[in-house]
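> Residue numbers (the numbering used here): 34 to 464.
All residues carry an ideal CB built from backbone N, CA and C; glycine is no exception.
1) Just to check my reading of the structure: residue 316 and residue 310 have Cβ atoms closer than 8 Å, yes? What is that Cβ distance to the nearest angstrom?
2) Measuring straight from C-alpha to C-alpha, what distance separates residue 180 and residue 187?
3) From this set, 288, 197, 203, which residue's C-alpha is nearest residue 241's C-alpha?
4) Considering only the alpha carbon of each residue, which of 131, 264, 415 lies closest to residue 248?
5) Since residue 459 contacts residue 431 with CB under 8 Å, what's their CB separation in whole angstroms?
6) What runs of the alpha helix (DSSP H), each 4 residues or longer, lie entirely inside the stretch 75-111?
7) Near residue 146, which residues of its chain fall below 7 Å by C-beta distance, leaving aside the five closest residues on each side in sequence?
8) Can you say whether residue 318 is buried or exposed, counting buried as having 16 or more other CB atoms within 10 angstroms of its CB?
9) To the nearest angstrom, report how far apart residue 59 and residue 423 are at their CA atoms.
10) Looking only at C-alpha atoms, which of 376, 308, 388 sits nearest to residue 405?
11) For residue 306, does the three-state DSSP call read helix, strand or coil?
12) Roughly how many angstroms separate the alpha carbons of residue 210 and residue 204, rounded to a whole number?
13) Which residues in the same chain have their Cβ closer than 6 Å to the Cβ of residue 357, if we skip the five residues on either side of it in sequence?
14) Mind the definition here: the stretch 325-336 touches the stretch 88-105 only if three or more C-beta pairs lie below 8 Å; say whether that holds.
15) Would a C-beta distance cut-off of 8 Å place residue 477 and residue 364 closer than the cut-off?
16) Residues bridged to residue 320 by DSSP?
17) Would you kindly work out how many angstroms separate the C-alpha atoms of residue 395 and residue 136, rounded to a whole number?
18) Quick one: is residue 320 buried, meaning 16 or more other Cβ sit within 10 Å of its Cβ, or exposed?
19) Name the two residues that bound the continuous beta strand (DSSP E) containing residue 158.
20) Can you round the beta-carbon distance between residue 451 and residue 167 to whole angstroms, since I take them to be within the 8 Å contact cut?
21) For residue 230, which residues from the same chain have a beta carbon less than 8 Å from its beta carbon, with the 5 sequence-adjacent residues on both sides left out?
22) Taking the C-alpha atoms as reference points, what is the distance between residue 263 and residue 82?
23) How would you call residue 290, buried or exposed, if buried means at least 16 neighbouring beta carbons within 10 angstroms?
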């Protein structure tokens, strides 16, 4: 028995040493709104992504968090834990006045647990991050954070080094690139100059296109082609630097997308029930905070069971023609999936619906475009994943895993310990 234990331990240590000796660099690219069909279906112009699939491993789907939104999802990727643990519950913080004045999560200090950035940087490894959500002030050597629409001045002040974003625009201006391709140019610059142990980079264009046109619009085709070009630039930079064979390249995303035909306004229901009168003056007992495909029920008094019962009754009293647009997610389900601990229940939209509207506006209205945020239990809201590198299986397919599993993949590749991550390395990734 003792011999078997020692043998198993030796194998585990050997695997870690192998990964550490072969993989010296990780480039982790997220394409916001990335879907498996982008690299699995011929109709999408993505030659670089499809070549990576041949060289490495792909997933048929990766489960997002709830809500399947950009900020909580990206934070799950770099922490290996769910929102209930990492503390980033939505893109924007809940504002009980309804004015939206609280703003979004954007500073690394909002994250409650260690990140890949902090763990690697703490080991003296060079780390860079480009336009990653909730990264301002992160412990990295180079950073252009996603600052949530706060303007160029705030972005430059929070870049590392200060004004690094502005410097890159000036240095790379001759390339004439913008958007995702410009982000890739910055990554290529850092690869040539520093060859960091870890680069995390976030590409925006696909998400924007899907919000505007839905899943299949021409704008989406153009955006995925742009993201594909960006991936090609990064790969070429790694090859030019001579570190391709010692790099793990991951291309993944944060969520899928759903076409929207209808908008349901749950706060109208609460207003009709007398639970939400005037948020600005604090006259409310219950209200939903919603975005995209999810809505979250807050009680002014967390122990107000009567208001919870009244809200639930009001929702269940709606006609079937309205109830078809949502499903109730109770607290037990929220705990199981690791979602916001501050709410008493949530809704996920169904049948091509999304949530929206002020309390005084109609309960049901027409919708358009696409969105995300839904409970992550169906394929269209899954994101994609491709990984290529030494020790990674070639031409392989993994059925599915979770966003929180990506941080352990990175940690294993670099041969580091990341004990706070709750995800697991999926079977079928490494040889």
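Let's see:
1) 4 Å
2) About 7 Å.
3) 288
4) 415
5) 6 Å
6) 80-88
7) Within the same chain, and ignoring the five residues on either side of residue 146 in sequence, the residues whose Cβ sits closer than 7 Å to its Cβ are 112, 114, 118, 119, 453.
8) buried
9) The straight-line gap from Cα to Cα measures roughly 11 Å.
10) 388
11) In the structure shown, residue 306 sits in coil (DSSP, three-state: anything other than H, G, I, E or B).
12) 12 Å
13) 384
14) Two segments are said to touch when three or more pairs of C-beta atoms, one from each, lie closer than 8 Å; by this definition the stretch 325-336 touches the stretch 88-105.
15) Nothing can be reported for residue 477: it is not among the residues displayed for the chain, which extend from 34 to 464.
16) 331
17) 26 Å
18) Buried, by the Cβ-count rule.
19) Neither: residue 158 is in no beta strand (DSSP E) and is coded neither H nor E.
20) Incorrect: roughly 18 Å between the Cβ atoms, too far for contact.
21) Taking C-beta separations shorter than 8 Å and ignoring five residues to either side along the sequence, the partners of residue 230 in its chain run 57, 58, 59, 153, 158, 159, 160, 447, following chain order.
22) 10 Å
23) buried
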